[in-house]
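Numbering (the numbering used here), first residue to last: 497 to 831.
Structure record follows, encoded as structure tokens.
What follows is the structure, encoded as structure tokens:
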């Protein structure tokens, strides 16, 4: 297939594009190479993709309506994997406009491109951040998610609403994927695994928010990509059992679906740090800090809907995933 992958120079985008190329798809990668984090890392990912047959790169910003319209008009795309976004909960506290520009306006431009150019299926990245103040665990896609605790989470919830409107109005098949704390080789420097590994190796303290009293459903990137590709191949359809009198948020009478992609096994932060220490071979210096605005105590994915739909659930143990990341980090940075 001929597939557009937005955010192709990003962490998940790079791995997704690689997987699609491996199976013989043609990939148009779009990215603006934002300086939100080290651009040289994005360029290194991109260099590995541009060496591949079947890959072509377009440098463009999702907020540039003319550029996105031109991309859809020229590329004869069949399906779209939309992974580009302004990421990060904490960054949204001080840079709110970046989230509206990329995650709201940019997503509108993608939806419009899909609407007007006959895209067979749009798969887009949502986030576990949409669960916000929810306390019932595990988090299910059938739960109400109307209480975000960060602007980032609010923009991802907005994406789900916008996608549903386009599915309903224009019969556009859309599938939203709520990712849970993705980690692995080529990961983002602002994520905990990258930060902790770097600081431990350099003998610097690592910031431990909430004094270590929280847990995350850490999900290895290869598992996330498997979920992305399987859902891309499973075009969203209307749910014949959906009823407006008791609406299920995860499905619809329109061709609209939502799935969690998480390891469905929360790990306490201090246990996570212990795994990193073991792989790095050094003890961490812990700087215990209070919770930051937007943080939640625990994330835990219910992945039954994903398993029922595509026959897959993430299963990479945290020990194996961290081992692979640390090996990549040492090789890439000569650490």
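By construction, the Cβ of each residue, glycine as well, lies at the ideal position given by its N, Cα and C atoms.
Keep in mind that this is a model prediction, so the values were computed, not measured.
Inter-residue distance for residue 502 and residue 689 is about 24 Å (C-alpha atoms, whole angstroms). For the 8 Å CB-CB criterion, residue 507 and residue 682 form a contact. Per DSSP, reduced to three states, the secondary structure at residue 768 is helical.
Out of 663, 778, 812, the CA that lies nearest to the CA of residue 723 is found in 812. Between the beta-carbon of residue 674 and that of residue 624 there is about 5 Å, and that keeps the pair under the 8 Å contact cut. Per DSSP, the continuous alpha helix (DSSP H) segment holding residue 568 begins and ends at 561 to 571. When only Cα atoms are considered, residue 728 and residue 615 end up about 12 Å apart. The C-beta distance from residue 796 to residue 634 rounds to 4 Å, short enough to fall under 8 Å. Taken through DSSP and simplified to helix, strand or coil, residue 655 comes out as helix. When the five nearest sequence neighbours on each side are left out, the beta carbons in the same chain lying within less than 6 Å of the beta carbon of residue 704 are those of 782, 784, in order along the chain.
In terms of Cα proximity to residue 540, the closest of 511, 632, 716 is 511. The residue among 793, 559, 738 with its C-alpha nearest the C-alpha of residue 609 is 559.
Taken in chain order, the complete alpha helix (DSSP H) segments of 4 or more residues contained in the stretch 673 to 743 are 688 to 698, 717 to 729. In terms of Cβ geometry, residue 708 and residue 657 do not form a close pair [threshold 8 Å]. Minimum Cα-Cα distance from residue 595 among the listed residues 649, 642, 617, 632 corresponds to 649. Judged by DSSP secondary structure, residue 617 falls within the beta strand (DSSP E) whose first and last residues are 617 to 623.
Using a 10 angstroms sphere on the CB of residue 575, the tally of other CB atoms reaches 16 or more, which defines it as buried. Short of 8 Å from the beta carbon of residue 802, and not among the five residues preceding or following it, lie these beta carbons of its own chain, in chain order: 723, 727, 755, 756, 757, 808, 809. Excluding five sequence positions before and after residue 521, the CB atoms of its chain that fall closer than 6 Å to its own CB belong to 497, 499, given in chain order. The C-beta distance from residue 630 to residue 641 rounds to 7 Å, short enough to meet the 8 Å contact threshold.
Within the DSSP bridge table, the entry for residue 499 names 523, 575 as partners. CA-to-CA, the gap between residue 651 and residue 774 works out to about 37 Å.
Per the coordinates, the alpha-carbon of residue 573 lies some 47 Å from the alpha-carbon of residue 701.
In the DSSP assignment, residue 555 is bridged to 527. Taking the C-beta atoms as reference points, residue 606 is found nearer than 8 Å to residue 564. As a beta-bridge residue in DSSP terms, residue 752 pairs with 670.
Excluding sequence positions up to five before and after residue 580, its CB lies within less than 6 Å of the CB of 502, 503, 558, all in the same chain and listed in chain order. Listed as beta-bridge partners of residue 635 by DSSP are 797.
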